[in-house]
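Accompanying notes for the structure given below.
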Amino acid sequence: DTGVSQDPRHKITKRGQNVTFRCDPISEHNRLYWYRQTLGQGPEFLTYFQNEAQLEKSRLLSDRFSAERPKGSFSTLEIQRTEQGDSAMYLCASSFSLRDYNEQFFGPGTRLTVL
Amino acid sequence: GQSLEQPSEVTAVEGAIVQINCTYQTSGFYGLSWYQQHDGGAPTFLSYNALDGLEETGRFSSFLSRSDSYGYLLLQELQMKDSASYFCAVLSTNDMRFGAGTRLTVKP
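And the structure:
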């Protein structure tokens, strides 16, 4: 257990439905990252926050995806109008930003299946 | 463009030494990380190199050459539990980009 939690752990939904995932990072970490991972691939960067500010968002991320970190603590990732191609493991990671060091602690992930 | 290359598979025997190479192409480079992921688990951090040279942590060492855009992970005294996927990841100005992973199989 890294101290990063994600909820739910599994989500099955029908195409076209909206889903929301939650991530609770390690409390003293100011950076929070979202990734998507499919079988046999590395984690794919989606977006990241420093405190409550969303600093970067992948160009691959469609407008159906939105993320928030309202108080600089937990974060939510929402996918609207889900498609079968959205089926993947969604990983959250947190870190403390240092100039010369970056150690990210990953949560267990939310596995999304879109039928 | 941005890219990360690492071998897809490596096989070695218990007690041996294995080196997993990673070459990258990116702008705004900050550092190179290595993560381990067992089947069904989440990635776990192994090392981070921001400067050229070798970083050693127990049985694992990581090397970076910024001028060559190249790094490697060295695993010594391999154990069965080291069988996993290993990812190099580049931290840059805009994002954290992972390679496709190297699946290491350790045989008795």
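These protein sequence lines map, in sequence, to chains A and Y.
Per our numbering, residue 6 is the first one in the first sequence, and the count goes up by one each step.
Per our numbering, residue -2 is the first one in the second sequence, and the count goes up by one each step.
Just so you know, even glycine gets a beta-carbon here, dropped at the ideal spot from N, CA and C.
Nearest-angstrom Cβ-Cβ length linking residue i and residue j, presumed shorter than 8 Å
i	j	result
serine 58 of chain Y	leucine 48 of chain Y	Going by Cβ atoms, the distance from serine 58 of chain Y to leucine 48 of chain Y rounds to 14 Å, so no, they are not a contact pair.
arginine 69 of chain A	glutamine 85 of chain A	5 Å
glutamate 57 of chain A	arginine 74 of chain A	5 Å
valine 119 of chain A	serine 80 of chain A	Not confirmed; about 21 Å, so no contact.
alanine 81 of chain Y	glutamine 3 of chain Y	About 14 Å separates the two Cβ atoms, so there is no contact after all.
tyrosine 27 of chain Y	leucine 88 of chain Y	4 Å
Residue i and residue j closer than 7 Å at C-beta
i	j	result
glycine 47 of chain A	glycine 68 of chain Y	no
threonine 90 of chain Y	isoleucine 17 of chain Y	no
alanine 98 of chain A	glutamine 89 of chain A	no
valine 9 of chain A	glycine 112 of chain A	yes
arginine 27 of chain A	aspartate 12 of chain A	yes
valine 7 of chain Y	leucine 75 of chain Y	no
leucine 103 of chain A	lysine 16 of chain A	no
serine 63 of chain A	leucine 51 of chain A	yes
tyrosine 21 of chain Y	serine 64 of chain Y	no
alanine 86 of chain Y	serine 30 of chain Y	yes
Rounded C-alpha distance that separates residue i from residue j
i	j	result
serine 100 of chain A	tyrosine 45 of chain Y	13 Å
alanine 72 of chain A	glutamate 49 of chain A	15 Å
serine 110 of chain Y	threonine 23 of chain Y	Residue 110 of chain Y lies beyond the residue range present for chain Y, which begins at -2 and ends at 105; the question has no answer from this structure.
glutamine 22 of chain A	threonine 87 of chain A	6 Å
leucine 65 of chain A	proline 105 of chain Y	42 Å
arginine 20 of chain A	leucine 82 of chain A	17 Å
cysteine 19 of chain Y	tyrosine 53 of chain A	24 Å
threonine 7 of chain A	leucine 72 of chain Y	23 Å
glycine 38 of chain Y	threonine 115 of chain A	11 Å
arginine 56 of chain Y	glycine 12 of chain Y	11 Å
valine 103 of chain Y	threonine 43 of chain A	24 Å
asparagine 107 of chain A	aspartate 79 of chain Y	23 Å
leucine 40 of chain A	leucine 96 of chain A	The question names leucine, yet the displayed sequence has tyrosine at residue 40 of chain A. About 5 Å.
aspartate 92 of chain Y	tyrosine 38 of chain A	9 Å
threonine 41 of chain Y	histidine 35 of chain Y	9 Å
glutamine 55 of chain A	valine 10 of chain Y	43 Å
methionine 77 of chain Y	threonine 54 of chain Y	19 Å
methionine 94 of chain A	leucine 61 of chain Y	30 Å
threonine 25 of chain A	arginine 14 of chain A	12 Å
phenylalanine 84 of chain Y	glycine 45 of chain A	11 Å
tyrosine 43 of chain Y	threonine 18 of chain A	Residue 43 of chain Y is actually leucine in this sequence, not tyrosine. One C-alpha to the other measures close to 35 Å.
glycine 25 of chain Y	isoleucine 14 of chain Y	32 Å
Per-residue contacts from residue i into chain A (C-beta, under 9 Å)
i	result
leucine 101 of chain Y	Per Cβ cutoff of 9 Å: no residues; leucine 101 of chain Y is ~14 Å from chain A at best.
serine 30 of chain Y	Asn107, Glu108 and Gln109
Contacts of residue i in chain A (Cβ-Cβ under 8 Å)
i	result
leucine 77 of chain Y	A small correction: the amino acid at residue 77 of chain Y is methionine; leucine does not occupy that position in the sequence shown. Within chain A, no residue comes near methionine 77 of chain Y; the closest Cβ sits about 22 Å away, beyond 8 Å.
alanine 81 of chain Y	Chain A residues near alanine 81 of chain Y: none, gap ~13 Å exceeds 8 Å.
tyrosine 45 of chain Y	Tyr106, Asn107 and Glu108
Closer than 7 Å at the beta carbon, the chain A residues around residue i
i	result
arginine 94 of chain Y	Phe50
leucine 51 of chain Y	The premise fails here: leucine 51 of chain Y is roughly 16 Å from chain A at the closest Cβ pair, so nothing lies under 7 Å.
leucine 88 of chain Y	Asn107
phenylalanine 84 of chain Y	Gly47
Neighbouring residues, chain Y, relative to residue i (Cβ below 7 Å)
i	result
tyrosine 38 of chain A	Met93
leucine 96 of chain A	Ala39
glutamine 109 of chain A	Phe42
Under 8 Å from the C-beta of residue i: neighbouring residues of chain Y
i	result
glutamine 46 of chain A	Ala97 and Gly98
serine 63 of chain A	Asp92
Contact set between residue i and chain Y, taken where Cβ atoms lie within less than 9 Å
i	result
proline 113 of chain A	Gly38 and Ala39
Item to check | Length-filtered (3 minimum) beta strand (DSSP E) runs lying within the region 52 to 114 of chain A | outcome: 58 to 62, 70 to 73, 80 to 84 and 93 to 100
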